[in-house]
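Let me begin by presenting the structure, written as C-alpha cells, before commenting on it.
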Amino acid sequence: MFSHKQNEVPKVKLVAIAKDEAAYIPEWVHHHLFVGFDEIEIFINRTSDNSEQVLNAINAQYPNVTWDYADWIDSCPVEAHKHIQFITYANAKYQCQKDGGYSHIFFLDIDEFLILDELTSSIHDLIKRFPANTPIAFEWLNDCTPMAKAFSKIPQTLTGNLSPLVKTLLPVNIAIEEFRHHLPVFKEQVSTMLVDQSFFKPQEKVKQALDSSVNSLKSSFIYHRAHRSQYEYISLLYRGRPGDTFAYKSNRRGYPQLTRKSSSVLLDEKAYFEYQASFKKFFNAIAIDKLSVGAEQFVSDRYKASIDNLDKHLLQDYPLMVRLFSGVLDDKVIGAFKSYRADLIKADPKNVDLLISLSSDAQKQDIDEAIEIILLAKKIRPKGPLINKKLEQLLQTKQQSANK
Numbered sequence: 001m002f003s004h005k006q007n008e009v010p011k012v013k014l015v016a017i018a019k020d021e022a023a024y025i026p027e028w029v030h031h032h033l034f035v036g037f038d039e040i041e042i043f044i045n046r047t048s049d050n051s052e053q054v055l056n057a058i059n060a061q062y063p064n065v066t067w068d069y070a071d072w073i074d075s076c077p078v079e080a081h082k083h084i085q086f087i088t089y090a091n092a093k094y095q096c097q098k099d100g101g102y103s104h105i106f107f108l109d110i111d112e113f114l115i116l117d118e119l120t121s122s123i124h125d126l127i128k129r130f131p132a133n134t135p136i137a138f139e140w141l142n143d144c145t146p147m148a149k150a151f152s153k154i155p156q157t158l159t160g161n162l163s164p165l166v167k168t169l170l171p172v173n174i175a176i177e178e179f180r181h182h183l184p185v186f187k188e189q190v191s192t193m194l195v196d197q198s199f200f201k202p203q204e205k206v207k208q209a210l211d212s213s214v215n216s217l218k219s220s221f222i223y224h225r226a227h228r229s230q231y232e233y234i235s236l237l238y239r240g241r242p243g244d245t246f247a248y249k250s251n252r253r254g255y256p257q258l259t260r261k262s263s264s265v266l267l268d269e270k271a272y273f274e275y276q277a278s279f280k281k282f283f284n285a286i287a288i289d290k291l292s293v294g295a296e297q298f299v300s301d302r303y304k305a306s307i308d309n310l311d312k313h314l315l316q317d318y319p320l321m322v323r324l325f326s327g328v329l330d331d332k333v334i335g336a337f338k339s340y341r342a343d344l345i346k347a348d349p350k351n352v353d354l355l356i357s358l359s360s361d362a363q364k365q366d367i368d369e370a371i372e373i374i375l376l377a378k379k380i381r382p383k384g385p386l387i388n389k390k391l392e393q394l395l396q397t398k399q400q401s402a403n404k
C-alpha cells in the first residue's frame, strides 16, 4: 500500500505527542504514511481515551507505526512537567542517532498535516531538493472551516489563514542547543531554509516567527487543524495545557474568521482521489469501527463538559474566556456568556464604561447582544460621541453580515 521499504536508507521519522486524540490519530497517521514518512512514533501522555487500543490496532497492521507512553516524565520534579514536549523530542532524536539509519526527524502535533505540492510529492522528494543537512521550515496555514461538520476528514480544498510560525524538519545528526516549539536553537550557526529555498529570516521580537518579507503561502506547508469544526473547537478547548491548572486551553485566541487575506488551496484531483482510496483501505485494514465510535464519543463528552463548566470559569477569568470563545457561535456558549454579562450589568446598571466594554466583548459572539448593551449605555448618555459611534459601527456590521 505504501512505499515503505525496510532497507531504504536514509529513513525519515515522524514523532508526535498525543493527549486524548484517538478520534484523530488514524487520519493523521495515514496522511503522513501517504506522504512518505518511513516510520512514525507517537507518545501518549495524560491520556484517558482509547488511544492505546487505536494505536495497537494500527501497529498490528503497520509495524513501522509505533507508540509508547511519555507519562514517566510526570515522575520528575514538577518544573519538568511543563517541558514534556521538549524532553520527549530530545529523547526521540537521541534514539534515532543511536539506532542509525535515519537522515531526518520531524516533530508534529496530531492537528498538523504536512501538505507537499498539493499531495503530489513525498517527503523524500522534497528533501532531495535541498543541500544535505539543511533544516527545512514549513509555514502554518491555520484552518478556518466554520461550516465543517464534526470529525470531517481533510477536504480537497484547504481554507485558512497563513501564520508566520513554522515547524522544522531536522537532519537527525544536527546538534541542538535547545529544543523549542517551532525552530530549535542550534549549537552551531546553521542556515534554515524555507520550502522555496529562501532562508529563514526571523521577526525582530519573535525569533521563531518569520519576518513578513519571507512569509508567504508556498507549495508545501503545514495545514494546522487547530480549530476543526466549532463543535470540536469547544471540546478541544477543554483539554487544557501541560502544566496549566486552568481547565481550558489558555493559549487559544478564539475561532478564526475568513477574511480577504485568507488562503485557499485546491489539492491535486488525481492525488486526492488516490488519497481518499488509500485512507479507506487503511481504515479497513486496521478494523477500528467500534474504537472510532468510542473515540468520537469521548470528544462529544468533553464538549458537554466544556459547556457545563463555562459558568464556573467565567467567574474565574472572564477576559480570558472571552478571548478563548471569541467567534464561537454555538447557542449554548452564546447563552452562557450573555447570562454572565447580564448579571454584571444588573449589579452595576449605570456604569457606562462597563456597558461599552461588555458591548465590545459581545460583538465577538453575538452582534444583537452587542447592540442591546450599547443601547443601554445610550439611554444613560444619549449624546455620548463614543457610544453613538460604537452603535453606528455595530449597525453597519450587522447590515454587512445580512448582505453576505
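Take 1 as the starting number for the sequence shown in the UniProt record's numbering and just add one per residue.
For every residue, glycine included, the Cβ atom is placed at its ideal position computed from N, Cα and C.
- Query: Would the stretch 332-339 and the stretch 259-268 be scored as touching if the rule is three or more Cβ pairs under 8 Å?
  - Reply: The stretch 332-339 vs the stretch 259-268: no contact.
- Item | Boundaries of the alpha helix (DSSP H) in which residue 294 is found, first to last residue | Element bounds for residue 294: 289-308.
- Indicate the three-state DSSP secondary structure (helix, strand or coil) for residue 21 in the structure shown. Three-state result, residue 21: coil.
- Three or more beta-carbon pairs under 8 Å between the stretch 91-103 and the stretch 182-198, yes or no? Verdict: no, contact absent.
- Query: Beta-carbon separation of residue 329 and residue 254 under 8 Å?
  - Reply: No, the pair does not count as a contact, with Cβ atoms beyond the cut-off.
- Query: Per DSSP, residue 13 is paired with what?
  - Reply: Answer is 39 and 105, bridged to residue 13.
- Message: Can you give me the C-alpha to C-alpha distance between residue 350 and residue 327, rounded to a whole angstrom?
- Response: Across the structure, residue 350 and residue 327 are spaced so that their CA atoms are roughly 28 Å apart.
- Give the C-beta separation of residue 167 and residue 138 to the nearest angstrom, bearing in mind that I take them to be a contact with Cβ-Cβ under 8 Å. About 6 Å; that satisfies the 8 Å criterion.
- Task: Return the CA-CA distance between residue 179 and residue 208, expressed in angstroms with no decimal places.
- Result: The alpha-carbon atoms of residue 179 and residue 208 are separated by roughly 11 Å.
- Return the CA-CA distance between residue 229 and residue 51, expressed in angstroms with no decimal places. Between residue 229 and residue 51, the C-alpha separation is close to 21 Å.
- Report back the beta-carbon spacing between residue 386 and residue 345 to the nearest angstrom; my notes put them in contact at under 8 Å. Taking a contact as a CB-CB distance under 8 Å, the pair residue 386 and residue 345 does not count as one, their CB atoms being some 18 Å apart.
- Query: If you check the beta carbons only, do residue 111 and residue 226 fall under 8 Å apart?
  - Reply: With contacts defined by Cβ atoms closer than 8 Å, residue 111 and residue 226 form a contacting pair.
- Query: Going by the C-beta, is residue 73 closer than 7 Å to any heavy atom of the ligand SAM?
  - Reply: No copy of the ligand SAM occurs in the structure displayed, which carries no ligand at all.
- Message: Check whether the stretch 353-370 and the stretch 284-292 are in contact - that is, three or more C-beta pairs closer than 8 Å.
- Response: Touching, no.
- Enumerated in chain order, which unbroken segments of the alpha helix (DSSP H) with a length of 4 residues or greater are wholly contained in the stretch 314-358? If you keep only unbroken alpha helix (DSSP H) runs of at least 4 residues inside the stretch 314-358, you get 318-324 and 331-347.
- Message: Pairs of beta-carbons, one from the stretch 74-82 and one from the stretch 290-308, closer than 8 Å: are there three or more?
- Response: A contact is defined here as three or more CB-CB pairs under 8 Å, and the stretch 74-82 fails this definition with respect to the stretch 290-308.
- Task: Return the first residue and the last residue of the alpha helix (DSSP H) that residue 125 is part of.
- Result: Per DSSP, residue 125 belongs to the alpha helix (DSSP H) from 123-127.
- Name the one or two DSSP bridge partners that residue 67 has. Paired residues: 42.
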